[in-house]
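Working notes, structure below.
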Amino acid sequence: MKKHGKVLVTGADGFIGSHVTEKLVEQGYEVKAFVYYNSFNSWGWLNHSPFQGEFEVFAGDIRDPYGVRTAMKDCDRVLHLASLIAIPYSYHSPDTYIDTNIKGTLNVLQAARELGVSKVVHTSTSEVYGTAQYVPIDELHPLQGQSPYSASKIGADQMALSFYRSFDTPVAIIRPFNTYGPRQSARAVIPTIISQLAAGRERIKLGAVSPTRDFNYIQDTVNGFISILNSDKAIGEVINIGSNYEISIGDTVALIAEVMGKKVEIETDEARLRPEKSEVERLWADNQKAKQLLDWEPSYGGIDGLRQGLKETADWFGDKGNLSQYKESVYNI
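Start counting the sequence shown at 1; every next residue gets the next number (UniProt numbering).
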């Protein structure tokens, strides 16, 4: 027996989106996976999903309002994850971030309003806060566009909230802090470290190691999405999903090396450094609102939870078939 109403997941071919899609199917939801149309007919991370045949696939482009509306026609709720997320790429191609992140979100909101869907969960990012002005960072923290990427996500978030306030569109905003886990792009720091170590390197290339992050294991982020999807209290709200634990990149490297039983030296790669005023120096989530409104809390919290999550991630990357999908020797922005 399928749970009530079909759920559309945009960005279902990506890291978080594929995990969300599979968890929804596993829990008995009827799911339509919106994947990015391409000539290879690739569904991204859903290509080899064990749940193939149990979810519907719609190939399209979030920037196309007609396609978005068509995808949403028979759906009751939407989890909107489709986004351009790489910060370095946003430095030289900011226009694509406006089209994808802001106009793509507008397309989802317009269609939701016209079709009368019962819930839109819009995906934000901790990057909208910029470097912490106080910690832990709650949802009232000022927003700072320190990269074109974060500026585009601030714009998308505000567009989503404007539809709630202007048209009573049932929007909820999930704001995950730094999610990591199996399938994550090597453009992110944890897969960058693990993939280089798994490939046998002892000297790894990184950008800045002093910034701190609040790392969130993929299972906790996915559970946050499903909690918000099912909570009426979330409508009109912005909700942080984070572990409430802060660790520097340098200490994260040491922890990964410990988990993997490797020796490691860090080589600073100038190409991986953000412009000085663009680097987000500190992120640390206050997750009290998620606990109170959603009854959500991280299963992988604190140093022990991080160690366990890193172990599970490293085990996944340790599989040669998985590692072969990464170019650990190349820095792709």
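Backbone N, C-alpha and C define an ideal beta-carbon position, used for all residues, glycine too.
So the alpha helix (DSSP H) I228 belongs to, where does it begin and stop? Walking along the sequence shown from the start, residue 228 turns up at place 228. Element bounds for I228: 218-229.
Sequence-distant residues of the same chain with beta carbon closer than 7 Å to F163, five excluded per side:
Translated into the one-based positions of the sequence shown, residue 163 becomes position 163. Closer than 7 Å at the Cβ level, and outside the excluded window around F163, lie L109, R113, T169, V171.
### Message
So, under 8 Å CB-CB, S124 and R77 are touching, yes? Tell me the CB distance rounded to an integer number of Å.
### Response
In the sequence shown, counting from the first residue as 1, residue 124 sits at position 124. In the sequence shown, counting from the first residue as 1, residue 77 sits at position 77. Not really, about 18 Å apart at Cβ, beyond 8 Å.
Checklist entry - Which partner residues does P176 have in the DSSP bridge list? => result In the sequence shown, counting from the first residue as 1, residue 176 sits at position 176. Note: P176 sits in a beta bridge opposite I241.
**Asked** Per DSSP, H19 forms a beta bridge with which residues?
**Response** Your numbering for residue 19 matches position 19 in the sequence shown. Per DSSP, none; premise fails for H19.
What does the Cβ neighbour count give for G17, buried or exposed, with the cut at 16 atoms within 10 Å? Here residue 17 refers to the residue found at position 17 of the sequence shown. G17 should be labelled buried.
Starting from T252, trace the alpha helix (DSSP H) both ways and give me its first and last residue.
The residue given as residue 252 occupies position 252 in the sequence shown. Its alpha helix (DSSP H) spans residues 249-260.
Taking only the alpha-carbon atoms, compute the straight-line gap between H19 and K311 and give it to the nearest angstrom. Counted from its first residue, the sequence shown places residue 19 at position 19. Counted from its first residue, the sequence shown places residue 311 at position 311. Straight-line Cα distance between these residues: approximately 18 Å.
Original post:
For the 8 Å Cβ check, are there 3 or more pairs between the stretch 203-221 and the stretch 241-253?
Top reply: yes
**Prompt:** Nearest-angstrom Cα distance between K205 and D95?
**Reply:** Within the sequence shown, residue 205 is the residue found at index 205, counting from 1. Within the sequence shown, residue 95 is the residue found at index 95, counting from 1. The alpha-carbon atoms of K205 and D95 are separated by roughly 29 Å.
| request: Within the same chain, show all residues whose beta-carbon is closer than 6 Å to that of R187, passing over the 5 residues directly before and after it, in chain order. | output: Counting from 1 along the sequence shown, the entry for residue 187 is found at position 187. A86.
- Item | Assigned exposure category for H80 - 16 Cβ within 10 Å defines buried | In the sequence shown, residue 80 corresponds to position 80, counting from 1. Classification for H80: buried.
Count the other CB atoms, across all protein chains shown, that sit within 10 Å of the CB of K233; report buried if there are 16 or more and exposed otherwise.
Here residue 233 corresponds to residue number 233 of the sequence shown, with the count starting at 1. K233 is exposed by the Cβ-count criterion.
ask   = Beta carbon of R113: closer than 8 Å to some heavy atom of the ligand FMN?
value = The ligand FMN is not part of this structure, which contains no ligands at all.
Problem set entry | Continuous beta strand (DSSP E) stretch holding T100: start and end | In the sequence shown, the residue the question calls residue 100 occupies position 100. First-last for T100: undefined, no H or E at that position.
Assigned secondary structure, G14 (DSSP; H/G/I helix, E/B strand, else coil): Within the sequence shown, numbered from 1, the residue matching residue 14 stands at position 14. Looking at G14 - three-state DSSP - the assignment turns out to be coil, as it is neither helix nor strand.
query: Apart from the five residues on each side of it in sequence, which residues of its chain come closer than 8 Å, Cβ to Cβ, to S126?
result: For the purposes of this step, residue 126 is identified with residue 126 of the sequence shown, where counting begins at 1. Cβ within range, chain order: I137, R175, P176, F177, N178, D214, N240, G242, L283, A285.
*Spatial distance of Q144 from G261 (CA atoms)*: For this step, residue 144 is matched to residue 144 along the sequence shown. For this step, residue 261 is matched to residue 261 along the sequence shown. Cα to Cα, the separation comes out at about 39 Å.
Next item on the list: Evaluate F34 with the Cβ neighbour count: other Cβ atoms within 10 Å of its Cβ, from every protein chain shown; 16 or more gives buried, anything less gives exposed.
Entry: What you label residue 34 is simply residue 34 of the sequence shown in a count that begins at 1. With 16 or more other Cβ atoms within 10 Å, it is buried.
inquiry  = My assumption, with CB atoms under 8 Å, is that E54 sits in contact with V25. Please give the rounded CB distance.
reply    = In the sequence shown, counting from the first residue as 1, residue 54 sits at position 54. In the sequence shown, counting from the first residue as 1, residue 25 sits at position 25. With a Cβ gap of about 5 Å, E54 and V25 count as contacting.
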